[in-house]
Amino acid sequence: MEPGPLRYFISVIEHGRMGKAVLEPGVVTSALSQRIGRLESELSTRLLQRTSSGVVPTDAI
2 MEPGPLRYFI SVIEHGRMGK AVLEPGVVTS ALSQRIGRLE SELSTRLLQR
52 TSSGVVPTDA I
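If you want the numbering used here, it's the position in the sequence shown, counting the first as 1, plus 1.
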């Protein structure tokens, strides 16, 4: 596992929203969401519950 996706995941949890968690210039929300999705695929589990008001960690955390 690369450290990048984990760093993005932690930022999303800290901010509670994908849009506020963008860390690097040029990384848009959709790219961040894709990176989190790849991390979830790599771990074979859903890590975030996406809601209309943001994201919350699942019980897998």
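Ideal Cβ positions, reconstructed from N, Cα and C, are used throughout, including at glycine.
- Message: Can you check whether the C-beta of residue 46 is within less than 9 Å of a C-beta belonging to chain C?
- Response: Among the protein chains of the structure shown there is no chain C, as only one such chain exists.
- Hey, how far is the Cα of residue 45 from the Cα of residue 38? Locating residue 45 in the sequence shown gives position 44, where the first residue counts as 1. Locating residue 38 in the sequence shown gives position 37, where the first residue counts as 1. A direct Cα-to-Cα measurement between residue 45 and residue 38 gives close to 10 Å.
- Query: Is residue 40 helix, strand or coil by DSSP?
  - Reply: Locating residue 40 in the sequence shown gives position 39, counting from the first residue. DSSP places residue 40 in the helix class (H, G or I) of the three-state scheme.
- Item | Neighbourhood of residue 33 by C-beta distance below 8 Å, restricted to the same chain and skipping five residues each side | To locate residue 33, count along the sequence shown from 1; it is residue 32. Around residue 33, the same chain offers 9, 13, 19, 22 and 23 as residues with beta carbons nearer than 8 Å, after the five sequence neighbours per side are excluded.
- Starting from the Cα of residue 62, find the closest Cα among 54, 55, 41 and 30 and give me that residue. By one-based count along the sequence shown, residue 62 stands at place 61. Per the C-alpha coordinates, the member of 54, 55, 41 and 30 positioned closest to residue 62 is 41.
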